[in-house]
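In the working numbering, the protein residues as written are 19 to 467.
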């Protein structure tokens, strides 16, 4: 096998993915929706069916659903080279328990297991939907014995250690795009240098399977969750001198900073591109963003990792984005590149949709409360709304912030609303309903009769 087949991570320019169906039915419909998203995002889908999948799925229907002309069939014995040639990522939308067991035990006796073996040997990312193989999911538990469930869980843990990324079927597209982001990260992955001032668990997960050592500056804040994630992934965090770090990456220029500067003693403060009085609406706006970030941090401390690791990851990510947001607001330099992007907004929308599906339908107006963490997230929601109002006013001024700032804050308050409800729901705490509220949501034409 020639060395030029080696692909260390996804090459965004190729935008090609190999889709391998192994025959599972659970999660199939959700996976098709995700693959359609990829097709709409200009991904070229190369689809292959195992022998089991050939009996379960309609080939013609798959071609129509995914708008493709050709599907590779294991029964045709065409060889593997045409499948993995030029493919930088493999997706398994319906990973079965049988396939998981074979991969975990190093068995390569069919098309699928040979493809995965090739991917693992050549560091090609593999993303798989876990619904069809994870017996810990309620719908899949059935009457299996505890011992068999434990064996199944061990197999899943093994293939994750191999580097296979297991996600929900509804998160396939997001996981694939995150692989692209990791491959083109500006955090100097090639030199294993992290250039930001705070290292979170979400940051660590971006380096999964890519580095064994991650260098950070001595003054970089490493969160406890980041330390634990690094330990689980076998990533050694090494602190280096500031001078060494500056030599390692040109992405950011660090400098020694004192907490007090004395430059604000006359009531003015610095923006990116000038100085203004501290009661300027722009200062009020990014000061409100800072206040919001404080409540987000408080919410993180009130959430347990066991129940809310996904929300904690979100909130840590949001804290960094709020710093970016503050930078976009503080800048009056037109040529400066904005940090918040449409992708940032889209990610929030996907999270809102996902968490809304997990929570029960809402019928009445609800009040902040229930649990401590939920109440804190509701406070963050109200501060986000206040920040949004300030940005609306600022949009009328010269050198207004980019539109993505307003879009982001709008979606962020919606995110906080659904996240606050989800926290209470997972804690088995009901929504605190406004007692004088009628049923104002999900009304039917006959509701008032």
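Glycine included, every Cβ here is placed at the ideal spot set by N, Cα and C.
Would residue i be called buried (16 or more neighbouring beta carbons within 10 Å of its own) or exposed?
i           : result
residue 143 : buried
residue 82  : exposed
residue 166 : exposed
residue 230 : exposed
residue 441 : buried
residue 414 : exposed
residue 121 : buried
residue 104 : exposed
residue 47  : exposed
residue 337 : buried
residue 168 : exposed
residue 319 : exposed
residue 175 : exposed
residue 429 : buried
residue 210 : buried
residue 257 : exposed
residue 323 : exposed
residue 49  : buried
residue 170 : buried
residue 75  : buried
Cα-Cα, which of the options is closest to residue i?
i           : options            : result
residue 422 : 347, 230, 172      : 347
residue 107 : 381, 408, 52, 195  : 195
residue 137 : 183, 174, 148      : 183
residue 308 : 324, 343, 367, 319 : 343
residue 179 : 216, 410, 123      : 123
residue 367 : 33, 147, 431, 316  : 431
residue 374 : 444, 327, 408, 406 : 444
residue 51  : 74, 80, 360, 258   : 80
residue 243 : 257, 258, 216      : 216
residue 419 : 376, 372, 357, 382 : 357
residue 152 : 359, 33, 185, 257  : 185
residue 362 : 304, 381, 245, 192 : 192
residue 427 : 380, 299, 303      : 303
residue 360 : 339, 76, 61        : 339
residue 69  : 369, 147, 94       : 94
residue 148 : 126, 109, 218, 125 : 109
residue 410 : 381, 249, 316, 299 : 299
residue 250 : 170, 181, 371, 145 : 181
residue 370 : 434, 125, 132, 245 : 434
residue 406 : 328, 382, 448, 305 : 305
residue 381 : 255, 132, 34, 448  : 448
residue 187 : 316, 214, 146      : 146
Would you list the residues sitting across from residue i in a DSSP beta bridge?
i           : result
residue 65  : 37, 89
residue 183 : 145
residue 376 : Partner(s): none; residue 376 has no beta bridge.
residue 233 : 211, 256
residue 475 : The question about residue 475 has no answer, for the chain in this structure spans 19 to 467.
residue 240 : 217
residue 83  : Residue 83 is not bridged to any residue.
residue 451 : 384
Give the straight-line distance between the Cα atoms of residue i and residue j, rounded to the nearest whole angstrom.
i           : j           : result
residue 36  : residue 220 : 26 Å
residue 412 : residue 301 : 10 Å
residue 425 : residue 453 : 32 Å
residue 101 : residue 64  : 7 Å
residue 330 : residue 96  : 46 Å
residue 154 : residue 172 : 11 Å
residue 164 : residue 150 : 18 Å
residue 233 : residue 252 : 14 Å
residue 365 : residue 189 : 11 Å
residue 446 : residue 378 : 12 Å
residue 335 : residue 235 : 20 Å
residue 241 : residue 45  : 34 Å
residue 58  : residue 98  : 27 Å
residue 128 : residue 397 : 54 Å
residue 22  : residue 140 : Unreliable positioning characterises residue 22 in this predicted model, as indicated by a pLDDT of 37, which lies under 50. The coordinate reading is nonetheless provided below. The straight-line gap from Cα to Cα measures roughly 10 Å.
residue 225 : residue 450 : 40 Å
residue 162 : residue 408 : 56 Å
residue 321 : residue 55  : 32 Å
residue 197 : residue 222 : 14 Å
residue 312 : residue 333 : 11 Å
residue 71  : residue 84  : 16 Å
residue 212 : residue 247 : 15 Å
residue 60  : residue 325 : 36 Å
residue 126 : residue 86  : 28 Å
residue 218 : residue 177 : 25 Å
**Message:** So, does the segment 110-128 touch the segment 36-56, judging by three or more C-beta pairs under 8 Å?
**Reply:** yes
**Stretch pair the segment 55-72 + the segment 87-101: three plus CB contacts closer than 8 Å** = yes
**Request:** For the segment 402-410 and the segment 383-393, state whether three or more C-beta atom pairs, one from each stretch, are separated by less than 8 Å.
**Result:** no
**Message:** With a threshold of 8 Å, are at least 3 pairs of Cβ atoms found where one atom belongs to the segment 376-388 and the other to the segment 430-449?
**Reply:** yes
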